[in-house]
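According to the numbering used here, the sequence shown holds residues 6 to 253 in order. No residue lacks a Cβ here, since even glycine has one placed at the ideal position from N, Cα and C. Here is the structure we will look at.
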Amino acid sequence: MTNNIYFIANWKMYGSTSTLSSLNKLINLSKQKKYNKAKIIYFPPFTLIYNFMNKFKKTKISIGGQNCHHIENYGSFTGSISPKMLKELGCRYVIIGHSENRTAGETDANINKKILSALNKNLKIVFCIGETLKEKRKKITHTILKNQINKGLKGIKNYKNILIAYEPVWSIGTGVIPKHNELETNVSNIRKILSKKTSVKLPILYGGSVNDKNISNLKNIRGIKGFLVGSASQNSKKFIDIIKKTIN
Ligand code: PEP
6 MTNNIYFIAN WKMYGSTSTL SSLNKLINLS KQKKYNKAKI IYFPPFTLIY NFMNKFKKTK
66 ISIGGQNCHH IENYGSFTGS ISPKMLKELG CRYVIIGHSE NRTAGETDAN INKKILSALN
126 KNLKIVFCIG ETLKEKRKKI THTILKNQIN KGLKGIKNYK NILIAYEPVW SIGTGVIPKH
186 NELETNVSNI RKILSKKTSV KLPILYGGSV NDKNISNLKN IRGIKGFLVG SASQNSKKFI
246 DIIKKTIN
């Protein structure tokens, strides 16, 4: 596993061409030696990927798609984007299994097909897993995470292009984050589940209401190699603070 600390900016269905100038300070930060190990990856909406590519052209900042179709190349799927299309645009990553898509009907089987297709196209996968509040209250978090991992990663032979984003569904967009112990236990359980599948040490990231205030606590969670940031990443100042407070 590399020494990188991942900072993932998921812009969801937000942003316009006029928001691009807000990224200048972040670009400056990414060029400073002090932040060399910060691996910054932006996931703009599909409509802005090309603009982001131009904006980040001479930087180390990578870009990914927020989702993709499970068919690798082309097909009659209105409104969909394939792994090949993301790759051709210059994307290096794709988010798969985000809870907002799982809630909209995406199944573990579908997620598995997407991961296999995207890996075939040499994209790196940010594979999202996490329990709902109901599942947490029923105390079945471990089983849920195990099922999501085993079903989502079924048939994977090469794990080296996969990152895991542990995102408790009840924490996404709510301002509520897990307690320190709970988070460390879940991350350690994820590590154990993964170690039964592969000897590759996949980076495990945390996502769910990460902001410039709670990052000082979150960065001390054992076993975490970075953060998937939704709403706070749309504010460059907050996102920069998150990176600075983690690395300093
Ligand atoms: C997310 O988009 O996965 C996310 C964690 O969002 P937020 O940071 O807004 O909770």
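Measuring straight from C-alpha to C-alpha, what distance separates residue i and residue j?
| i | j | result |
| --- | --- | --- |
| L53 | S35 | 20 Å |
| G95 | P50 | 14 Å |
| N78 | I134 | 26 Å |
| S81 | L91 | 17 Å |
| N225 | I195 | 17 Å |
| W16 | L31 | 15 Å |
| H264 | I130 | Any answer about residue 264 is impossible in this case: the structure gives the chain only from 6 up to 253. |
| K197 | S241 | 35 Å |
| K250 | Y40 | 11 Å |
| L138 | S193 | 20 Å |
| I252 | A170 | 19 Å |
| P173 | E111 | 17 Å |
| T64 | K144 | 44 Å |
| L188 | I248 | 20 Å |
| I154 | K184 | 22 Å |
| G70 | N33 | 23 Å |
| L25 | K60 | 8 Å |
| K44 | K141 | 31 Å |
| I120 | D246 | 32 Å |
| G102 | D217 | 25 Å |
| N29 | T148 | 43 Å |
| S27 | I220 | 21 Å |
| S85 | Y98 | 17 Å |
| F254 | I66 | There is no way to answer for residue 254, as the model of the chain reaches only from 6 to 253. |
| Y19 | K159 | 32 Å |
| T83 | S122 | 18 Å |
| A109 | S23 | 29 Å |
| K202 | K162 | 10 Å |
| Y55 | V181 | 34 Å |
According to DSSP, is residue i part of a helix, a strand, or is it coil?
| i | result |
| --- | --- |
| G213 | coil |
| A109 | coil |
| F61 | coil |
| I247 | helix |
| L150 | helix |
| S85 | coil |
| G160 | coil |
| I68 | strand |
| I252 | helix |
Within its chain, find whatever has a CB closer than 6 Å to the CB of residue i; leave out the 5 residues flanking it on each side and keep chain order.
| i | result |
| --- | --- |
| S238 | A14 and F244 |
Does any residue of chain C have a CB that is nearer than 9 Å to the CB of residue i?
| i | result |
| --- | --- |
| H185 | Included in the structure is just one protein chain, with no chain C present. |
Residues in its own chain within less than 8 Å of residue i by CB, not counting five upstream and five downstream?
| i | result |
| --- | --- |
| K156 | D113, A114, I116 and N117 |
| N152 | D113 |
| K89 | E77, N78, Y79 and K126 |
| M58 | I68, L94 and G95 |
| N186 | none |
| S21 | L53 |
Excluding the 5 residues flanking residue i on each side, which residues of the same chain have their C-beta closer than 7 Å to its C-beta?
| i | result |
| --- | --- |
| N106 | N72 |
| K165 | V205 |
| L207 | Y164, I167, L168, I169 and L199 |
| S104 | C133, G135, E172, V174 and I177 |
| V215 | L223, F232, V234, A237 and I247 |
| K209 | Going by the sequence as given, residue 209 is Ile instead of Lys. For I209, where only same-chain residues beyond five positions count, the Cβ hits under 7 Å are I169, Y171, V192, I195, R196, G228, I229 and K230. |
Review point. What runs of the beta strand (DSSP E), each 3 residues or longer, lie entirely inside the segment 90-140?
Key: 98-101 and 129-134
Exercise for review: Count the C-beta pairs between the segment 7-25 and the segment 222-232 that are closer than 8 Å, then say yes if the count reaches three, no if not.
Suggested key: yes
Practice item. Could you name each continuous beta strand (DSSP E) segment of 3 residues or more that falls completely within the segment 169-230, going from the start of the chain to the end? Key: 209-212
Practice item. Mind listing, in chain order, the continuous alpha helix (DSSP H) runs of no fewer than 4 residues lying wholly within the segment 9-65? Key: 29-35 and 54-60
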